[in-house]
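*Asks:* Pasting in a structure now, in structure tokens, and then I'll have a few things to ask.
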Ligand SMILES: C[S@@+](CC[C@H](N)C(=O)[O-])C[C@H]1O[C@@H](n2cnc3c(N)ncnc32)[C@H](O)[C@@H]1O
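Numbering (the working numbering), first residue to last: 477 to 797.
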């Protein structure tokens, strides 16, 4: 779409609603014809090989840091890996026996640039060589101990109904794209081996649907009956917010914590910490931001507290007893 048209649609709320409904319908039609390609998760196409390696390392280090696990082990499922399996490879290097890549869609990728990233990873971590098969070009299909699952049956909501026994189920920037995150979370909790961990970084923002031209919580104004028609087929953000993850964890009896990664009107909270550990002036700034914009919120969000709405990113860490 031409960039002037795109920015006009973005700045016009009603036009944006119509565009999102139509494109979501189109995505559902494509999916029903078996086309699962998406640009969501196409992260590495614009990065140099060095930046890609750094990106993969950052994601992996976050899993370590916030789980408190010194060395990963056993069976792992990485949900929504996007266009590169580098994070899964670092789990293997750390000592895991198998990693399942689990994705509802197939993120578009450039095979040649992916091969360059894998070669850079192999150069930096020679221990990965023992997982490398003999085929060329080097892509995610050639690594041993990685199993790839794509399409509707690999949606998190379905996959963990029948695939179980995981020591770690991890994801980054995926839960907000799911059409039923609550059901996915309960399936994942059941799919964990005893002592297993759920590690999920979740971005609760609108991913630019409205916030590029309006305030950052504008998407909470869309009526509840309309919102799924704009999002379910494309995997646009589901606007399941902080309180729903907290309630789901309680309901599932999961012990762990929700660390805050972002606050509305404030920005990133780094290192990520429980809500109560955020400096009071930042919490106050964020709740003031929420109060200033919430008068137009859809009914479902009107009764949610300012504190809960103000959290626009979380890192869910839970362990099965
Ligand atoms: C924004 S990308 C994140 C990619 C990668 N984890 C990262 O952080 O760069 C979201 C990913 O989630 C996948 N996804 C969306 N809905 C899903 C679902 N219901 N089950 C599994 N994966 C899903 C997309 O196909 C995509 O690969």
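Idealized CB from N, CA, C, for every residue including glycine.
For residue 714 versus residue 652, is the C-beta spacing smaller than 8 Å?
*Replies:* Yes, these two residues count as a Cβ contact at 8 Å.
*Asks:* Can you grab the Cα-Cα spacing for the pair residue 732 / residue 643, in whole Å?
*Replies:* Each residue's Cα considered, the two are about 15 Å apart.
*Asks:* Short of 6 Å in beta carbon distance, which residues of its chain neighbour residue 627, apart from the five on each side in sequence? Order them along the chain.
*Replies:* Around residue 627: 512.
*Asks:* Using the Cα positions of residue 528 and residue 480, report the straight-line distance between them to the nearest angstrom.
*Replies:* Taking the straight line joining both Cα atoms gives about 31 Å.
*Asks:* Beta-carbon distances below 7 Å to any heavy atom of ligand 1 define the shell here; list its residues in chain order, please.
*Replies:* Those satisfying the condition are, in chain order, 514, 516, 517, 519, 535, 555, 556, 557, 558, 578, 579, 580, 581, 583, 630, 631, 632, 633, 647, 648, 649, 650, 653, 654, 655, 660, 711.
*Asks:* Use the C-beta contact count for residue 757: other C-beta atoms within 10 angstroms, 16 or more gives buried, fewer gives exposed.
*Replies:* Residue 757 comes out exposed.
*Asks:* Give the range of the alpha helix (DSSP H) segment to which residue 671 is assigned.
*Replies:* From DSSP, residue 671 is part of no alpha helix (DSSP H) but of the beta strand (DSSP E) over 668-679.
*Asks:* Take residue 493 and list the residues in its own chain whose beta-carbon comes closer than 8 Å to its own, dropping the five residues that flank it on each side.
*Replies:* If we look at residue 493 and ignore the five residues flanking it on each side, its Cβ neighbours are 698, 702, 706.
*Asks:* Since residue 692 is in the beta strand (DSSP E), which residue starts that stretch and which ends it?
*Replies:* Where residue 692 is concerned, there is no enclosing beta strand (DSSP E), given that its DSSP letter is neither H nor E.
*Asks:* When you compare the CB positions of residue 555 and residue 578, do they come within less than 8 Å of one another, or not?
*Replies:* In contact: residue 555 and residue 578 (Cβ atoms closer than 8 Å).
*Asks:* Give me, in chain order, the residues of the same chain whose beta-carbon lies closer than 6 Å to that of residue 607; leave out the 5 immediate sequence neighbours on both sides.
*Replies:* For residue 607, where only same-chain residues beyond five positions count, the Cβ hits under 6 Å are 568, 619, 620, 621.
*Asks:* Which runs of the beta strand (DSSP E) at least 3 residues long sit entirely within the stretch 484-567? Give them in chain order.
*Replies:* Those beta strand (DSSP E) runs which fall completely within the stretch 484-567 and span 3+ residues are 550-555.
*Asks:* Quick one: grab the DSSP three-state call for residue 730.
*Replies:* Note: residue 730 maps to coil in three-state DSSP.
*Asks:* Would the stretch 668-681 count as touching the stretch 774-783 if we require 3 or more Cβ pairs under 8 Å?
*Replies:* No contact exists between the stretch 668-681 and the stretch 774-783.
*Asks:* Could you check the C-alpha separation between residue 647 and residue 488 for me, to the nearest Å?
*Replies:* Looking at the two C-alpha atoms, the distance is approximately 33 Å.
*Asks:* Under 8 Å between the Cβ atoms of residue 430 and residue 735?
*Replies:* There is no way to answer for residue 430, as the model of the chain reaches only from 477 to 797.
*Asks:* Could you tell me the distance, in whole angstroms, from the CA atom of residue 624 to the CA atom of residue 502?
*Replies:* One C-alpha to the other measures close to 26 Å.
*Asks:* Provide the residue(s) that pair with residue 574 in DSSP beta bridges, ordered along the chain.
*Replies:* Partner(s): 551.
*Asks:* With which residues is residue 790 paired in a DSSP beta bridge?
*Replies:* According to DSSP, which records beta bridges pairwise, residue 790 is partnered with 678, 736.
*Asks:* Identify, in the order they occur along the chain, each residue of the same chain with its Cβ nearer than 6 Å to the Cβ of residue 660, setting aside the five sequence neighbours on each side.
*Replies:* If we look at residue 660 and ignore the five residues flanking it on each side, its Cβ neighbours are 632, 633, 654.
*Asks:* Go ahead and label residue 505 buried or exposed: buried means 16 or more other beta carbons lie within 10 angstroms of its beta carbon, across all protein chains shown.
*Replies:* Exposed, because fewer than 16 other Cβ atoms sit within 10 Å of the Cβ of residue 505.
*Asks:* For residue 469, count neighbouring C-beta atoms within 10 Å of its own C-beta (all shown protein chains included) and say buried if the count is 16 or more, exposed if not.
*Replies:* Outside the modelled stretch of the chain, which goes from 477 to 797, sits residue 469, for which no answer is possible.
*Asks:* Would you kindly work out how many angstroms separate the C-alpha atoms of residue 712 and residue 681, rounded to a whole number?
*Replies:* Rounded to whole angstroms, residue 712 to residue 681 spans 10 Å at the Cα level.
*Asks:* Take the Cβ of residue 584 as the centre, count every other Cβ of all protein chains shown within 10 Å, and call the residue buried at 16 or more, exposed below.
*Replies:* With fewer than 16 other Cβ atoms within 10 Å, it is exposed.
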